[in-house]
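J.: With my numbering, the residue at position 36 of the sequence shown is 151, and numbering never jumps.
Just so you know, even glycine gets a beta-carbon here, dropped at the ideal spot from N, CA and C.
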Amino acid sequence: MPTSNSTPDARRPLGRRPLTAMASGASPLGVGTPSASGYDPRSLPIYELYRRLRRDLLALEPGLDRDAVAERFLAAVVSVSTSAGPLVVGGRVYRRQDDGFVLLAKRGEAGQVPLGYRLPNGYPIVDDLLRSGWAVVRPGDPRLDPAIEAPIAADNFAAVALGEDGDYLLALTLRETVDEDELRYALMSLGSIADMALRHRELMRSFGEARDVQTSLLLEQPPELEHFDVAFRSRPAEIVGGDVYDLQAISPATLGVSIGDACGHGLPAALQARDLVVGLRMGAEQSFKLVKTIDCLSRVMASSGPPGRFISVFCCEIDVDGTLVYVNAGHVPPVVLRRDGSVTVLRGTGPVLGVPAALSLGHRRAFERLEPGDLLVAYTDGITETRDADDQEWGLDGLLALIRRHRRGASAEELVDVVFAELELLDDTAPQADDRTLLILSRHAV
């Protein structure tokens with residue numbers, strides 16, 4: 116087992132040691148390049164390890180468990196170390212289990228020890244490792260138990276505890292003896308990187324769970340309204356987003372439509388968007404009028420939401436005869452694209468939700484009508500603010516021009532496909548910067 120400290124001083128708690136203190140001799144994981152101030156960190160193999168982990172570990176799928184992260188970490192350390200120099204030639208990673216640690220994975224020159232091999236609690240080397248966070252064992256260390264260490268067939272190791280609670284132990288087989296101070300720095304760095312990777316995976320898993328909660332509120336198939344065709348799509352800029360949409364069958368002859376956009380994106384915006392959907396559905400369940408529902412939500416969000424956060428929303432009810440009643444609470448104005456190509460803008464009828472200073476303003480309803488062949492186009496600003504190769508915003512004009520070119524004979528779903536295909540082309544020039552949601556509802560032409 117790669118654990119042990121040969122002197123009492125070596126078992127003191129870890130502390131960060133300046134790179135300038137290693138201005139002579141071999142670096143912990145290879146040879147660095149001296150600079151005017153000592154060592155240039157970018158020349159150290161540990162720097163390459165940071166880059167490797169950022170590229171490989173932090174980009175792993177959210178569902179990856181902690182065991183898999185620890186195994187990938189071992190693979191990255193051994194791969195980078197062996198390619199940079201002859202110091203580290205192999206390694207093993209152990210996982211805490213019941214009354215000890217079991218061998219989870221091994222790489223390189225790691226002996227014939229089988230996976231599942233157990234290191235018992237109370238083994239002095241393990242105790243020292245868990246207490247200090249790192250350990251070094253040299254040939255002849257008096258704390259070595261030959262019966263335990265024989266299957267590993269190595270006696271020159273460095274080790275570090277991984278994870279906030281030391282649930283994993285990383286053991287590195289050393290080719291040669293290295294200064295213990297330098298090893299302490301290297302192990303301290305490796306432990307920090309591992310903690311970052313493990314915590315990142317936990318964070319990504321939490322985001323994945325939040326995404327599942329959010330998507331569970333979104334419709335897979337919209338309710339139907341006779342003589343109308345509806346399609347929608349939402350694409351967050353991150354794992355979860357602050358855009359939201361909903362469609363509800365208010366009655367057999369009336370369809371409720373809503374689209375919202377919480378400020379920012381990511382988890383805080385997603386939670387606010389979820390609250391909006393739940394509130395709108397409760398209002399519909401209680402048969403509240405649109406204005407009452409929006410005013411109630413505005414008060415609740417202003418009193419219970421975090422300061423500085425708000426959400427815009429456009430809600431409407433569309434009757435089978437084309438009558439449209441709506442409330443626009445600070446949302447980018449949807450438009451009715453008429454059959455003849457003209458545009459009617461559905462402007463704001465009240466402030467965004469969640470701003471205490473705006474509660475006295477209230478909201479009002481407005482009316483419009485969809486004639487046969489007309490389209491309702493509702494969107495979030497992540498679509499119209501997409502930039503082209505010349506760094507110019509696509510804008511509402513670009514969106515409507517595209518829809519006009521393709522609307523003849525096209526279904527609502529086909530028009531949504533066309534818009535997102537165009538956005539993908541624009542994304543080739545710059546990454547998606549904001550959540551994007553589009554909802555198109557068309558009244559069948561006579």
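(1) Flag this pair as yes or no: are the beta carbons of A273 and L259 separated by less than 8 Å?
(2) Reducing DSSP to helix, strand and coil, say where G153 ends up.
(3) I need the DSSP call for P337, collapsed to helix, strand or coil.
(4) What do you reckon, is the C-beta of K404 under 7 Å from a heavy atom of the ligand GTP?
(5) Please state whether DSSP places V486 in a helix, a strand or coil.
(6) With a cut-off of 8 Å, does the C-beta of V359 fall near any C-beta of chain C?
(7) Who are the near neighbours of K221 in its chain, counting only those whose CB is closer than 6 Å to its CB and skipping five residues on each side?
(8) What three-state label does DSSP hand L474 in the structure shown?
(9) How about A352 and A548: do their beta carbons lie closer than 8 Å?
(10) List the whole-angstrom C-beta distance separating L234 from V241, where the pair is believed to meet the contact cut-off of C-beta under 8 Å.
(11) Exposed or buried, N443, counting other C-beta atoms within 10 Å across all chains shown (16 or more means buried)?
(12) According to DSSP, is T499 part of a helix, a strand, or is it coil?
(13) Can you list, in chain order, the residues of its chain with a C-beta nearer than 6 Å to that of Y232? Leave out the 5 residues immediately preceding and following it.
(14) Buried or exposed for G255, going by 16 or more other Cβ atoms inside 10 Å?
(15) Check K407 in the structure and name its three-state DSSP category.
(16) What residue from D376, R484, L553 has the CA that sits closest to G469's CA?
(17) For A472 and V415, I'd like the C-alpha separation in whole angstroms.
(18) By the three-class DSSP mapping on this structure, what secondary structure does S427 have?
(19) Rounded to the nearest angstrom, what separates V406 and L530 at their Cα positions?
(20) Assuming P449 and A493 make a contact with CB atoms under 8 Å, what is their CB distance in whole Å?
(21) Quick one, are the C-beta atoms of L538 and D503 less than 8 Å apart?
(22) With respect to the alpha helix (DSSP H) encompassing R519, which residues constitute its N-terminal and C-terminal limits?
T.: This is what the structure gives:
(1) In this structure, L259 does not lie closer than 8 Å to A273 by Cβ.
(2) Because G153 sits at a pLDDT of 45, beneath the cut-off of 50, its placement in the model cannot be relied upon, and the following sentence gives the value as read from the coordinates. Strand, per DSSP.
(3) Residue state, collapsed to three classes: coil.
(4) Of ligands this structure carries none, so the ligand GTP is not represented either.
(5) First, the residue type needs correcting, since residue 486 is Glu and not Val in the sequence shown. It is coil, neither helix nor strand.
(6) No chain C appears in this structure, which consists of one protein chain only.
(7) Excluding positions up to five away in sequence, the list reads R207.
(8) L474 carries a helical assignment under DSSP once its states are collapsed to helix, strand and coil.
(9) A contact, by the Cβ cut-off of 8 Å.
(10) L234 to V241, Cβ: 6 Å. Contact.
(11) Buried: at least 16 other Cβ atoms inside 10 Å.
(12) The answer is helix: DSSP assigns T499 an H, G or I state.
(13) The residues are L218.
(14) With fewer than 16 other Cβ atoms from the protein chains shown falling within 10 Å of its own Cβ, G255 counts as exposed.
(15) Per DSSP, reduced to three states, the secondary structure at K407 is helical.
(16) Looking at D376, R484, L553, the one whose alpha-carbon comes closest to that of G469 is D376.
(17) Roughly 13 Å between the two C-alpha positions.
(18) Looking at S427 - three-state DSSP - the assignment turns out to be strand.
(19) Spanning the two alpha carbons is a distance of roughly 31 Å.
(20) Taking a contact as a CB-CB distance under 8 Å, the pair P449 and A493 counts as one, their CB atoms being some 4 Å apart.
(21) Their beta carbons are not under 8 Å apart, which means L538 does not touch D503 by this criterion.
(22) Residues 510 to 521.
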